[in-house]
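Residue numbers (UniProt numbering): 1 to 478.
In what follows, a single structure is set out as structure tokens and then discussed.
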């Protein structure tokens, strides 16, 4: 019988969102199109041809949304900045009207006792920079560093927690290899260049932020490092696991956290590129000291060497395509992991989160770790009594929080957990068809209704206690 668990008293209980998924107001106060505006307005790219033009109108409703966060006892809120709202062309001076929105948002958070955690990049590259070549071009990394400095100068007096890039794997490989994300390109070689330039962007931005932020500020990045498991103990399956782990994880944590790419990554991708885009000094630039690392986790990945075994859906965070998001791994079969699934078709496996945390705890015991995204999509319904009952999400969160606690008990320095997501929103290529939120949004009216899982999570944030069983019965907490 499981027992109740207590988290450290200073553990940060938070929630997360991203700009394009919630803000709306895409043409207000000087904002210009990002790659996601262009992509979502291209017929056939997003389910039901939906877009983020309005999203959940957070740009106009942020004060009510922050009050809602406070009512849910959140101690931290992770949000991203829309680059083209602040720097419309991706170059030059900041637009003060754009910065003012984030100043107001941060001030509102602080007034409610909620710690802001600012992410500089959550995939919404200014379209003008994509027109100039996007992330496969080295120049984009330098533009990102300039943008980081603008934000640091504007908000460094009130934001102490900074994250450079969110999930560079998705930005590089879903955006430039499989094409299921903006900008929708299907060029595996370009995706490897994009990966390197995202690493370089992180490093250059970290250096730029160091030049303008107070000494107390903490800088991190958020990786969706994936838990790659081999289907069998056959050596061929083990090699498939190694190659996919390089592409999922080593390509980013290698240069950023260890100062070098895995040597076998170059061999595995030799048919696509010679990696000549990695210039002298780049690895040192990527490998900047950071205080913390964000880990985003949803589901494990199960692989084998190419076989006649039917493959399940590719285990990525955001969709599949006839084009692979794994450059150089065309001879790997991806299998559906066993167990129950969320509405996304992702297998539910909290042990993967434990494995992920402890891997990075061993790799870099000096870093503070944060779970910067974890959550699940379900087919939530607003009942006639005005309630949204989602016991599946409560069970999901309960299991994954137990995994976090187990990692802490085993010595991992995990400082906080940001539930994904605060509220239902635009779920990228899935449009509004997938609901990840703890808060239900009725899109026609924009009415927010905390789901049972939000109330359950609010009690965890209030008490720091995780009950033995994932139970929520009306207003009775157990």
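Built from N, CA and C at the ideal position, the CB exists for glycine as well.
Please read all numbers here as calculations on a predicted model, not as lab measurements.
Suppose contacts are defined by Cβ-Cβ distances below 7 Å. Is residue i in contact with residue j by that definition?
i: residue 76; j: residue 86; result: no
i: residue 203; j: residue 39; result: no
i: residue 20; j: residue 44; result: no
i: residue 422; j: residue 17; result: yes
i: residue 198; j: residue 235; result: no
i: residue 82; j: residue 49; result: no
i: residue 294; j: residue 213; result: no
i: residue 373; j: residue 296; result: yes
i: residue 425; j: residue 114; result: no
i: residue 352; j: residue 300; result: yes
i: residue 219; j: residue 106; result: no
i: residue 122; j: residue 66; result: no
i: residue 394; j: residue 470; result: yes
i: residue 140; j: residue 464; result: no
i: residue 207; j: residue 288; result: yes
i: residue 443; j: residue 406; result: no
i: residue 243; j: residue 154; result: no
i: residue 31; j: residue 84; result: yes
i: residue 349; j: residue 305; result: no
i: residue 468; j: residue 108; result: no
From which residue to which residue does the beta strand (DSSP E) around residue i run?
i: residue 392; result: Note, residue 392: premise wrong, no beta strand (DSSP E); alpha helix (DSSP H) at 391-409.
i: residue 114; result: Careful: residue 114 lies outside any beta strand (DSSP E) and carries neither H nor E.
i: residue 80; result: 76-80
i: residue 304; result: 301-305
i: residue 35; result: Careful: residue 35 lies outside any beta strand (DSSP E), inside the alpha helix (DSSP H) at 35-40.
i: residue 295; result: 292-296
i: residue 450; result: 447-450
i: residue 220; result: 218-223
i: residue 336; result: It is not in any beta strand (DSSP E) - residue 336 carries neither H nor E in the DSSP assignment.
Return the Cβ separation of residue i and residue j in integer angstroms, given the expectation that the two are a contact with Cβ distance under 8 Å.
i: residue 452; j: residue 472; result: 5 Å
i: residue 34; j: residue 127; result: 6 Å
i: residue 47; j: residue 433; result: 5 Å
i: residue 532; j: residue 119; result: Any property of residue 532 remains undetermined from this structure, which presents the chain solely from 1 to 478.
i: residue 55; j: residue 24; result: 4 Å
i: residue 267; j: residue 192; result: That pair is no contact at about 13 Å.
i: residue 231; j: residue 332; result: That belief does not hold up - the Cβ atoms of residue 231 and residue 332 are roughly 10 Å apart, past 8 Å.
i: residue 438; j: residue 466; result: Incorrect: roughly 16 Å between the Cβ atoms, too far for contact.
i: residue 148; j: residue 205; result: 4 Å
i: residue 12; j: residue 450; result: The pair is not a contact, with the Cβ atoms about 20 Å apart (cut-off 8 Å).
i: residue 186; j: residue 323; result: 4 Å
i: residue 371; j: residue 414; result: 7 Å
Taking buried to mean at least 16 other C-beta atoms within 10 Å of its own C-beta, is residue i buried or exposed?
i: residue 116; result: buried
i: residue 136; result: buried
i: residue 388; result: buried
i: residue 14; result: buried
i: residue 144; result: buried
i: residue 314; result: With a pLDDT of only 49 at residue 314, under the threshold of 50, the placement of this residue in the model should not be trusted; the figure read from the coordinates follows. Counting Cβ neighbours within 10 Å, residue 314 comes out buried, since at least 16 surround it.
i: residue 478; result: At residue 478, the pLDDT of 34 sits below 50, so the modelled position is not reliable; the number obtained from the coordinates is stated separately. Flag for residue 478 reads exposed.
i: residue 475; result: Caution applies to residue 475, whose pLDDT of 45 falls short of 50 and renders its modelled position unreliable; the value that the coordinates give is listed next. Residue 475 comes out exposed.
i: residue 260; result: exposed
i: residue 177; result: buried
i: residue 369; result: buried
i: residue 490; result: Since the displayed the chain opens at 1 and closes at 478, residue 490 lies outside it and no answer follows.
i: residue 327; result: buried
i: residue 340; result: exposed
i: residue 130; result: buried
i: residue 80; result: buried
i: residue 216; result: exposed
i: residue 317; result: Because residue 317 sits at a pLDDT of 43, beneath the cut-off of 50, its placement in the model cannot be relied upon, and the point is left open.
In the DSSP assignment, find the alpha helix (DSSP H) that holds residue i and state where it starts and stops.
i: residue 414; result: Note, residue 414: premise wrong, no alpha helix (DSSP H); beta strand (DSSP E) at 414-420.
i: residue 61; result: 58-71
i: residue 363; result: 350-363
i: residue 86; result: 83-86
i: residue 242; result: 235-245
i: residue 153; result: 139-155
i: residue 206; result: 188-210
i: residue 127; result: 127-131
i: residue 20; result: 19-22
Any heavy atom of the ligand FMN inside 6 Å of the beta-carbon of residue i?
i: residue 239; result: No copy of the ligand FMN appears in this structure; indeed no ligand is present at all.
For residue i, which of the options has the nearest alpha-carbon?
i: residue 397; options: 378, 385, 205; result: 378
i: residue 104; options: 64, 88, 90; result: 64
i: residue 257; options: 81, 359, 68, 414; result: 359
i: residue 448; options: 339, 435, 217; result: 435
i: residue 345; options: 190, 41, 172, 298; result: 298
i: residue 271; options: 84, 463, 189; result: 189
i: residue 57; options: 465, 470, 445, 463; result: 445
i: residue 161; options: 110, 130, 146, 276; result: 110
i: residue 60; options: 102, 71, 89; result: 102
i: residue 404; options: 441, 440, 357; result: 357
i: residue 246; options: 233, 255, 262, 237; result: 262
Strictly under 7 Å for the Cβ-Cβ distance: is residue i near chain C by that measure?
i: residue 453; result: In summary, chain C is missing from the structure at hand, where a single protein chain is found.
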